[in-house]
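First up is the structure itself, then whatever we jot down about it.
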Amino acid sequence: MKSNQVLIIAEAGVNHNGNIDTAKKLIDVAAEAGVDFVKFQTFKAENLVSKEAKKADYQKNVGTKNDTQYDMLKRLELTKSNHSILIEYANSKGVGFFSTAFDLEGLEYLKSLGFDMFKIPSGEITNYPYLKKIASFGKQVILSTGMANMQEIKEALETLTSENISLDDITVLHCNTEYPTPLDDVNLKAMISIGREFGVKTGYSDHTLGIEVPIAAVALGAKIIEKHFTLDRSLPGPDHKASLEPNELKTMVNAIRNTELALKGSGLKEPTKSEIKNLSVARKSLHTSKELKKGKIVSS
């Protein structure tokens, strides 16, 4: 990835539905689309929820009526051997492998894999032991802020920087944790407010339908875009309905790269190389109605 390009993370998440072959197909799609990273999720269900925890509203169409959140998550776990297989496969396809952990054990495991970057999911923004553990790694940090207010973001950043991380190492993602997010709930200007208030790089983690909002975020200065994708939105699972299908992911990546090209330049308003040749054609000029001899003085 070029350092001046927006970092694009294709969030496979749990859209593999617990199947390693499906996970590989997701990597194929991400590589074909030209993203920088394909991201999965690293967790053990017993470390996240009680066996009686109810599913969120957007998860209720997954599994059977009597399924708990634990039952659903247990089916979606990736084992350590799964991770090894997928990392090797992503490397062979030329796309970066990335994952989010949801507990301290998972963070230590990802650290053992040699990750240079760690993502704090929205649900962990007030989990201070989790934040301190990530800060102790001294790596680049992505902080997602779904459901958070400015004070909670401030406290999370203070927790990170009180350990081993500088603000220069942190990118804060504006996010809305509703799947899918209604367009009138996006509040994209909040991304600008976060950057201005805390002096950090910003980005956007998108859960809307379509690709318009992440492209708009890039136009507003996002340095990272994260977007869920799937092989097929009709598949069963908690996140498929709010995910892009393969052709849409590729279209989004192309649109972001084109937006970046359009944002290049000095910012000064002056004729560009491509339009200078049109000056003599497009602008008005004086012409004589009859032939004049050289040196003749024309008067009104």
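Our numbering applies: residue 840 is where the sequence shown begins, and numbers increase by one. For every residue, glycine included, the Cβ atom is placed at its ideal position computed from N, Cα and C.
query: Please work out which residues of its chain come closer than 6 Å, Cβ to Cβ, to LYS841, disregarding the five sequence neighbours upstream and downstream, and give them in chain order.; result: Because LYS841 carries a pLDDT of 48, less than 50, the predicted location of this residue cannot be relied on, and the following value inherits that uncertainty. The answer is none, since no qualifying residue turns up.
query: Quick test of your reading: TYR1043 and ALA1056, contact by CB under 8 Å. State the CB separation rounded to the nearest angstrom.; result: 4 Å
query: Am I right that GLY852 and PHE876 are in contact with their C-beta atoms under 8 Å? What's the rounded C-beta distance?; result: Actually they are not in contact, since the Cβ atoms of GLY852 and PHE876 sit about 13 Å apart, beyond 8 Å.
query: Assuming VAL1146 and ILE847 make a contact with CB atoms under 8 Å, what is their CB distance in whole Å?; result: The structure shown does not extend to residue 1146, since the chain is modelled only from 840 to 1139, so the question has no answer here.
query: How would you call TYR1142, buried or exposed, if buried means at least 16 neighbouring beta carbons within 10 angstroms?; result: Residue 1142 lies beyond the residue range present for the chain, which begins at 840 and ends at 1139; the question has no answer from this structure.
query: With DSSP as the reference, please indicate the residues paired to TYR1043 in a beta bridge.; result: HIS1013, ILE1064
query: Among the residues of its own chain, which have a CB less than 8 Å from the CB of ALA870, if the five just before and after it don't count?; result: VAL877, ALA929, LYS932, GLY933, VAL934
query: What first and last residue would you give for the alpha helix (DSSP H) that runs through TYR1088?; result: The question names Tyr, but residue 1088 in the sequence shown is Leu. Taken as a continuous stretch (DSSP letters only), the alpha helix (DSSP H) holding LEU1088 covers 1085-1102.
query: Excluding the five sequence neighbours on either side, which residues of its own chain have a C-beta within less than 7 Å of the C-beta of GLY945, listed in chain order?; result: THR881, PHE882
query: Leaving out five residues before and five after ASN886 in sequence, what residues of the same chain have Cβ atoms less than 8 Å from its Cβ?; result: PHE941, ASP942, GLU944, GLY945
query: Using only CA atoms, which one of LEU1048, THR907, LEU1088, LYS1040 lies nearest to LEU996?; result: LYS1040
query: What's the call for HIS1126, buried or exposed, on a 16-neighbour Cβ count within 10 Å?; result: exposed
query: Determine the closest residue to VAL1052 out of SER1119, ASP1071, THR1098, with distance taken between C-alpha atoms.; result: THR1098
query: Tell me the rounded alpha-carbon separation between LYS962 and ASN921.; result: Residue identity check: residue 962 is Gly in the sequence provided, not Lys. Whole-angstrom Cα-Cα distance: 24 Å.
query: Are there 16 or more other CB atoms within 10 angstroms of the CB of LYS1103, so buried, or fewer, so exposed?; result: exposed
query: Cutting at 6 Å between CB atoms, please list the residues of its own chain near PHE976, excluding the five before and the five after it.; result: LYS950
query: Determine the direct distance from the alpha carbon of LEU1100 to that of ALA1094, and round the result to whole angstroms.; result: 10 Å
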